[in-house]
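Quick note: the sequence shown uses full-length UniProt numbering, first residue 1, plus one each step. Where is the CB? At the ideal position from N, CA and C, for every residue including glycine.
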Amino acid sequence: MSLTAASTLATIERTGPRRVTDLAVTERITQPSMTALVTTLVRAGLAERRPDPQDQRVVLVALTPAGARYLLARRRAGAEAFARLVEKLPPADVAALRAAAPALRHLHDLDEEQRTRAVVGDP
Numbered sequence: 001m002s003l004t005a006a007s008t009l010a011t012i013e014r015t016g017p018r019r020v021t022d023l024a025v026t027e028r029i030t031q032p033s034m035t036a037l038v039t040t041l042v043r044a045g046l047a048e049r050r051p052d053p054q055d056q057r058v059v060l061v062a063l064t065p066a067g068a069r070y071l072l073a074r075r076r077a078g079a080e081a082f083a084r085l086v087e088k089l090p091p092a093d094v095a096a097l098r099a100a101a102p103a104l105r106h107l108h109d110l111d112e113e114q115r116t117r118a119v120v121g122d123p
């Protein structure tokens with residue numbers, strides 16, 4: 001699965017069901033590309049299209065239970081691979097990673113905040 005596909009699933013997991021246009025903005029791809037990606041995710045059973053309860057003319061993309069399981073498995077596999085690599089580092093490098101972890105978390109949070117603002121239309 002592409003990084004964009006996995007990121008799209010994670011966005012839906014984090015923000016709840018979204019319009020295709022909102023997902024395209026968040027993931028920084030074109031709307032036609034997102035439409036194709038969503039079609040692929042739906043066919044794989046990882047996402048589903050559903051009507052917006054606020055406006056039945058609007059279609060939202062939602063995460064399926066299979067999509068949630070996929071994300072969990074992907075995160076676990078990534079964490080395990082990362083842990084195996086960290087075990088190979090000298091102690092000084094491990095300490096440097098630990099010291100940098102709060103700043104890296106802050107960068108991640110800033111990116112998430114920016115992506116969320118893009119979806120809701122805030123500057």
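Look at residue 87 here: in three-state DSSP terms it is coil, with no helix or strand label.
Shown here for residue 63: same chain residues with a beta carbon closer than 7 Å to its own, the five before and five after excluded, namely 9, 12, 13 and 47 in chain order. For residue 44, there is no enclosing beta strand (DSSP E), as DSSP gives it neither H nor E.
Annotation: residue 19 to residue 91 spans about 46 Å, alpha carbon to alpha carbon.
Taking 8 Å as the cut-off, the beta carbon of residue 45 is found closer than this to the beta carbon of residue 66. Rounded to whole angstroms, the separation of the alpha carbons of residue 94 and residue 101 is 11 Å. Taking 8 Å as the upper bound for CB-CB distance, residue 49 and residue 58 are not in contact here, some 11 Å apart. Per DSSP, reduced to three states, the secondary structure at residue 57 is strand. A buried status is given to residue 22, since no fewer than 16 other beta-carbon atoms sit within 10 Å of its beta-carbon.
Straight through space, the alpha carbons of residue 61 and residue 52 are spaced by roughly 9 Å. When the alpha-carbon of residue 98 is set against those of 111, 109 and 83, the nearest one is in 83.
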